[in-house]
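Encoded as structure tokens, the structure appears first; notes follow it.
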Amino acid sequence: MLIMGPPGCGKGTQAERLSGRLGITVVSTGEVFRDHVKNRTPLGREVIVHLDAGDLVPDNLTNRVVRERLDQDDVRGGFGFILDGYPRNTAQLAELDVILAANGQALDAALQLSVDDAELVSRLLRRATMTGRSDDTEDVIRHRLELYHQETEPVAAACSQRGILLSVDGTGSEDEIFGRLLAALRASFPDAIPDATTAT
Ligand code: AMP
Numbered sequence: 009m010l011i012m013g014p015p016g017c018g019k020g021t022q023a024e025r026l027s028g029r030l031g032i033t034v035v036s037t038g039e040v041f042r043d044h045v046k047n048r049t050p051l052g053r054e055v056i057v058h059l060d061a062g063d064l065v066p067d068n069l070t071n072r073v074v075r076e077r078l079d080q081d082d083v084r085g086g087f088g089f090i091l092d093g094y095p096r097n098t099a100q101l102a103e104l105d106v107i108l109a110a111n112g113q114a115l116d117a118a119l120q121l122s123v124d125d126a127e128l129v130s131r132l133l134r135r136a137t138m139t140g141r142s143d144d145t146e147d148v149i150r151h152r153l154e155l156y157h158q159e160t161e162p163v164a165a166a167c168s169q170r171g172i173l174l175s176v177d178g179t180g181s182e183d184e185i186f187g188r189l190l191a192a193l194r195a196s197f198p199d200a201i202p203d204a205t206t207a208t
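Residue numbers (this note's numbering): 9 to 208.
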């Protein structure tokens with residue numbers, strides 16, 4: 009499955025919680041890129057300008073990273089995985105279809121968290137004071153939001169047409185949002201989603 013939503017919607021946090029509950033791996037392209045930047049790898053040196061500007065990393069680099077990651081055993085076998093932050097545009101969605109088909113897999117669900125722009129900007133500015141992420145300045149935040157509307161919402165529309173979009177209100181506490189995500193998943197996959205006995 010994939011999880012998408014505008015920057016600051018909390019998809020990284022929710023992806024980790026779903027991973028814990030469902031026992032499946034999260035593949036976060038943003039995390040992969042930030043690790044490369046931190047470790048000063050050649051890829052990191054190539055992508056840092058895009059991350060700092062809040063731009064999308066070019067598709068050829070992003071698709072390569074995803075193709076290599078999805079070839080590893082923890083996501084090839086087992087129950088499935090959660091893609092966090094990919095695909096970000098319709099060209100990446102088309103590439104994902106090719107990668108999954110080659111691995112004998114298919115996309116089952118696309119989770120979308122919706123939060124309005126004003127709320128996101130204030131959340132992200134708060135996050136900036138805590139994490140020091142270089143792409144959490146106001147101009148860059150607004151640019152990332154614009155890109156989300158232009159580039160990534162069409163991915164949600166395509167998933168909706170396929171009948172796999174599960175859109176959830178992304179406002180409220182982390183627990184409330186997590187509860188909504190689990191409920192939406194359970195409604196579509198009654199046997200695959202374990203009942204909540206403990207809050208993780
Ligand atoms: P995220 O942590 O998902 O907000 O991603 C942080 C940054 O990594 C983005 O602003 C982009 O610069 C880059 N990035 C992450 N995922 C992608 C993607 N699928 N395509 C292009 N760039 C991406």
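The C-beta atom is built at its ideal place from N, Cα and C for all residues, glycine as well.
Using only the alpha-carbon positions, how far apart do Ala117 and Gly52 sit? 30 Å
Compute every distance between the C-beta of Thr70 and the non-hydrogen atoms of the ligand AMP, then say whether any falls below 7 Å. yes
Spatial distance of Arg72 from Pro66 (CA atoms): 10 Å
Are there 16 or more other CB atoms within 10 angstroms of the CB of Met138, so buried, or fewer, so exposed? exposed
Going by the beta-carbon positions, is the gap between Met9 and Ala164 smaller than 8 Å? Contact flag unset, no.
Can you tell me whether Ala207 is helix, strand or coil according to DSSP? At Ala207 the pLDDT is 48, less than 50, meaning the model places this residue with poor confidence and gives no usable figure here.
Residue(s) in a DSSP beta bridge with Met12: Gln120
Figure out for me which residue from Arg48, Ile32, Ile185 has the closest Cα to the Cα of Ser122. For Ser122, the nearest C-alpha among the options comes from Ile185.
Express the C-alpha separation of Ala166 and Val74 in angstroms, rounding to a whole number. 20 Å
In whole angstroms, what is the alpha-carbon distance linking Asn111 and Gln22? 26 Å
Among the residues of its own chain, which have a CB less than 6 Å from the CB of Ala192, if the five just before and after it don't count? Leu174, Val176
Going by beta carbon distance, what residues of the same chain come within less than 7 Å of Phe41, once the five residues before and after it are set aside? Val55, Leu59, Val65
What residues are listed by DSSP as bridge partners for Asp92? Ile11, Ser36
Please classify Ser130: is it buried, with 16 or more other beta-carbons within 10 angstroms of its beta-carbon, or exposed? exposed
Kindly list the residues whose CB is nearer than 6 Å to the CB of Gly16, restricted to its own chain and excluding five residues on each side of it in sequence; keep chain order. Leu128, Arg131, Leu132
Within the same chain, show all residues whose beta-carbon is closer than 6 Å to that of Arg77, passing over the 5 residues directly before and after it, in chain order. Val35
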